[in-house]
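Reminder that position 47 of the sequence shown reads as 47 in this note's numbering, one-by-one numbering, no gaps. Note that beta-carbon positions come from the ideal geometry of N, C-alpha and C, so glycine has one too. Report on one structure; see the data block that follows.
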Amino acid sequence: MELGVGFNTPVIIRYPFESITLQYPNARLIRINIAKDKVSEKIIDKSLFIQEDIGKVLLDIKNKI
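See the structure below:
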């Protein structure tokens, strides 16, 4: 799960997360960011992008469990 990661230093979080998702068959990437963003086409079928405020998303998850 990637929370609010931008493009300032993509080699630290963004690219490794995408690489792990691509490398491992059971890996999935959930990217949450309020900014308009996307997921690499290579892992689009193994990913979920939620364009929303992180706090709201986490609160929604908390309220459903």
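Distance, residue j Cα to residue i Cα
i: Gly55; j: Ile30; result: 15 angstroms
i: Ile44; j: Ser19; result: 12 angstroms
i: Ile50; j: Gln23; result: 22 angstroms
i: Glu52; j: Lys36; result: 9 angstroms
Endpoints, the beta strand (DSSP E) within which residue i is located
i: Ser40; result: Looking at the DSSP string, Ser40 is not in any beta strand (DSSP E), and its letter there is neither H nor E.
Residues bridged to residue i (per DSSP)
i: Ser47; result: Leu29
i: Glu2; result: Arg31
Status (buried if at least 16 other CB within 10 Å, exposed otherwise) for residue i
i: Phe7; result: exposed
i: Thr9; result: exposed
i: Asn33; result: buried
Coil, strand or helix - residue i by DSSP
i: Asn63; result: helix
Extent of the continuous alpha helix (DSSP H) run through residue i
i: Tyr15; result: Arg14 to Gln23
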